[in-house]
Structures are given as C-alpha cells and as structure tokens.
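In our numbering, the protein residues as written are 256 to 375.
For reference, the structure is listed below as structure tokens.
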Amino acid sequence: MNKRKVGADYERQAAEYLTEKGVRILETNFRCGQGEIDLIGRHQGYLVFVEVKYRSGSEKGYALEAVDCRKQRRICRVADYYRYTHGLGDETGVRYDVVGIQGGEIQWVQNAFPHIYTRG
C-alpha cells in the first residue's frame, strides 16, 4: 500500500472522528502553491485548519510531536491563502488543531499552536 493511500485513509478516519465531535468538515486535502492542509472545518465559531499525523508505534516518535515549527509555518501560509481566496478577512476566528493517530488511538489537540505570521 502506498503512503498517499495510507495517509488518505487516516485523514478520512480523522474527519469522521471530528465530525462525531461536532466539527463540520469543509475541505479535505486543500492544496495550493504554498502547501497543503489535511482538513478544514468549522467548530464553535472558528475556522479550523487540521493537520493529521499517524504513527503505527512510538519507534519513530509520537504523532503529535511531528508538527514542528517549519510545518506550522507552512500550515499558516496555506491558511492565509485559503482565507484570502475565500474572502475571509482578519476578523475570521482561526484555530490550528492537530489530530494524532498513534496505533489505534486518536488524540485531538485543539488550538495546538498559534498563528505564525510570515512575510511574502
């Protein structure tokens, strides 16, 4: 099984989990020149950008730790592009969440990191 299919399966699992928790999924695998965001949804008045990470075990670290500063910066750039292209201004409440799937356990961290402002 290729990595893209495996990733898509876990992203689908995460989307189902979040839907059960009250998140309305708007987009899956949003891609642009800035990068990609796994899931975009609405939850409790926020526009939520979600990164999904999977690890089968802990040999390669923990899923939730895999969203480093570089990845966060990229997610924020894509989020800015998404808001711009959808006519959503700075008054739109934004949240960055991470869903970690470790083995069979799903963990959802809301507001996992703050917006990182970048130039250009």
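Backbone N, C-alpha and C fix where the C-beta goes; we use that ideal spot for every residue, glycine too.
None of these values were measured; they are calculated from a predicted model.
How many whole angstroms separate the CB atoms of residue i and residue j, which I take to be in contact at a CB cut-off of 8 Å?
| i | j | result |
| --- | --- | --- |
| G296 | V278 | 4 Å |
| R328 | I292 | R328 to I292, Cβ: 13 Å. No contact. |
| A367 | V322 | 7 Å |
| E306 | K276 | Contact flag wrong, Cβ pair sits at about 16 Å. |
| V349 | L302 | 5 Å |
| V362 | D352 | Correcting the residue identity first, residue 362 is Gln in this sequence and not Val. Their Cβ separation, rounded to whole angstroms, is 11 Å, which puts Q362 and D352 out of contact at 8 Å. |
| C331 | T373 | 7 Å |
Indicate the three-state DSSP secondary structure (helix, strand or coil) for residue i in the structure shown.
| i | result |
| --- | --- |
| D352 | strand |
| L273 | helix |
| E346 | coil |
| D323 | coil |
| Y309 | strand |
| V364 | strand |
| Q289 | coil |
Taking the DSSP output, what are the residues bridged to residue i?
| i | result |
| --- | --- |
| Y301 | H298 |
| R279 | R297 |
| Q357 | R310 and E360 |
Quick check on the DSSP output: the beta strand (DSSP E) that includes residue i runs from which residue to which?
| i | result |
| --- | --- |
| T373 | Neither: T373 is in no beta strand (DSSP E) and is coded neither H nor E. |
Inter-stretch contact (C-beta, 8 Å, three-pair minimum) for the region 260-277 and the region 356-366:
Between the region 260-277 and the region 356-366 there are three or more inter-stretch CB-CB distances shorter than 8 Å, so the stretches are counted as touching.
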